[in-house]
Structures are given as C-alpha cells and as structure tokens.
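Visitor:
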Ligand SMILES: [Fe+2]
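Numbering (the numbering used here), first residue to last: 2 to 234.
Written out as structure tokens, the structure is:
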C-alpha cells in the first residue's frame, strides 16, 4: 500500500493491515503538511525504509501523533525513523506503553507546532477507549481514528470474521458508528455529548478515519447519524 496524496500538497494517507481479535481490517495513517512546511504523522504505521524515503521526500517530520488509546503501536518505529520529531500522545497511552518517550499530552489546547493549522478536542466521558479529534482547518478535514468506523462492501482488507461481527453483532456494516469499544459504554454521556458537539461545530467537509471508507459526502450529517446514541438525539 502506497502513501497516496489525498488533499493536494496538504494531506497524504497510507492504509496498512492489522489483526485484532481474529478480525482483519485496515488502519490508516495521515501525513499532514503544516503551514511551516513541516509534517505531522498522525497515527503512524510502521515506518520502513521505503516509507521513510517517501515521507522524507515530502518534507521534514515535525511531530508524531498517537491520537488514541489504540493508536500508538508504531510510534517507536516513527521515532526511530524521524528522531528530531516531537511526539504528542493521547492521555492514557503513557499507561499502556510507559516506555514511549513523549513531549506533550494532547488535550483541548493545540500544541504550539500545530497552532493555526488545527483545532482539537479530547473526547471526554468515554469508558474503554480514548481519543483526540483533530480538525485541519486549511483543508476543512476532520481527522479521527475510532470515533467513527465506516465498513462497506467497498472497504478493502476485511476478512469474513470482521464482516460477520460488524454485520450481525454490531450492526455497523454500511452504517457508520463509533468503534464497538465506545458503544460498550460511556462514563459520562453529557461530557461525551459536549465533546462531539464541539466537533460538529467545526467547519469540515470530509472525514479521515482510521478504519473503513473515508466520508466525503454530507460529512456532518453522516456524523450526526453515527453519533445519534451518545448525542442523545
Ligand atoms: Fe482503531
């Protein structure tokens, strides 16, 4: 799978296969060019020699972002490939992987390196899974990991186990919704609703997500529908 240009000169994406509880599906890394021309690696995959070259050809990596409690696995490989980059993590990652060095806890305040380019919010009130949502203002792109998944017949890289679970158990086939770990329960629905409303207040046209098809049409309406339960609508 290649690093492919998604928004001209601003965002590149790379899908890569993962396995989780017998299910095979893809995850997605985003590479975003910041206004100071440096790059942000969002939810990195393993950075091999070829990928390091492809990314380096785009520019210098300024920061590596582990945006969620299931999206940090390849941070060490990204740090090894780009040792000068800073690392920003979603709170909680430090407990799962205390060996990972990092420079900043992601929250509602945008780190200095991302100021002007992004708005961000830490999703509050969750129980089993945590994430920080990013809004890339220049391209009007919302960048999430697990807050919405979008598996359809067009999604590559899914095995029959994934299809069975997502169709029969989770009812998430052709039906974008938060990852099952969100739906298993919220600690504080009011807090969660506030975070989701912050996101829906941003002026985005499209959604980059980690698992499944990108959302490029009626993005806001699709998210309203996907988040119906936690929004209490
Ligand atoms: Fe994920």
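A virtual CB, placed ideally from N, CA and C, is assigned to each residue, including glycine.
1. Does any CB atom of chain D fall closer than 9 Å to the CB of residue 83?
2. Taking the alpha-carbon positions, what's the residue 191 to residue 57 distance?
3. Is the Cβ-Cβ distance between residue 211 and residue 23 less than 9 Å?
4. By the three-class DSSP mapping on this structure, what secondary structure does residue 231 have?
5. Considering only residues of the same chain and omitting the five flanking positions on each side of residue 209, which have a CB-CB separation below 8 Å?
6. Taking 8 Å as the cut-off, is the C-beta of residue 43 nearer than that to any heavy atom in ligand 3?
7. Among the candidates 223, 226, 153, 213, whose CA atom is the shortest distance from the CA of residue 16?
8. Should residue 146 be counted as a contact of ligand 1 given a C-beta to heavy atom distance under 8 Å?
9. Out of curiosity, what's the CA-to-CA distance linking residue 162 and residue 33?
10. When burial is assigned at 16 or more other CB atoms within 10 Å of the CB, is residue 127 buried or exposed?
11. In terms of residues, what are the limits of the alpha helix (DSSP H) holding residue 63?
12. What does the alpha-carbon distance come out to for the pair residue 83 and residue 104?
13. Cβ-heavy atom distance between residue 180 and ligand 1 below 8 Å?
14. Tell me, please, which residues DSSP counts as bridged to residue 209.
15. What three-state label does DSSP hand residue 151 in the structure shown?
16. CB-CB under 6 Å to residue 79, same chain, minus the five flanking residues each way: which ones, in chain order?
17. Which class does residue 15 belong to by DSSP, given the choice of helix, strand or coil?
18. Which residue from 135, 115, 54, 164 puts its Cα closest to that of residue 38?
19. Between residue 193 and residue 102, what straight-line distance do the alpha-carbon atoms span, to the nearest angstrom?
20. Verify whether the separation of the beta carbon atoms of residue 156 and residue 74 is less than 9 Å.
Guide: Result, derived from the coordinates:
1. No chain D appears in the structure shown, which is made up of a single protein chain.
2. Counting only the Cα atoms, residue 57 lies some 43 Å from residue 191.
3. The answer is no: Cβ separation not under 9 Å.
4. In the structure shown, residue 231 sits in a helix (DSSP, three-state: H, G or I).
5. 7, 12, 14, 29, 31, 142, 143, 144, 145, 215, listed in sequence order.
6. The ligand content of the structure shown is limited to ligand 1, which means ligand 3 is not among them.
7. The residue with the shortest Cα to Cα distance from residue 16 is 213.
8. In this structure, residue 146 has its beta carbon less than 8 Å from a heavy atom of ligand 1.
9. Cα to Cα, the separation comes out at about 33 Å.
10. So residue 127 ends up on the buried side.
11. Segment 62-67 is the beta strand (DSSP E) holding residue 63; no alpha helix (DSSP H) there.
12. Approximately 14 Å, taken between the alpha carbons.
13. True, at least one ligand heavy atom lies under 8 Å from that Cβ.
14. Note: residue 209 sits in a beta bridge opposite 144.
15. Looking at residue 151 - three-state DSSP - the assignment turns out to be strand.
16. 42, 45, 48, 65.
17. Secondary structure at residue 15: strand, using DSSP grouped into helix, strand and coil.
18. Its Cα nearest to that of residue 38, the residue 115 stands out among 135, 115, 54, 164.
19. Rounded to whole angstroms, the gap between the alpha carbons of residue 193 and residue 102 is 29 Å.
20. Not a contact, by the Cβ cut-off of 9 Å.
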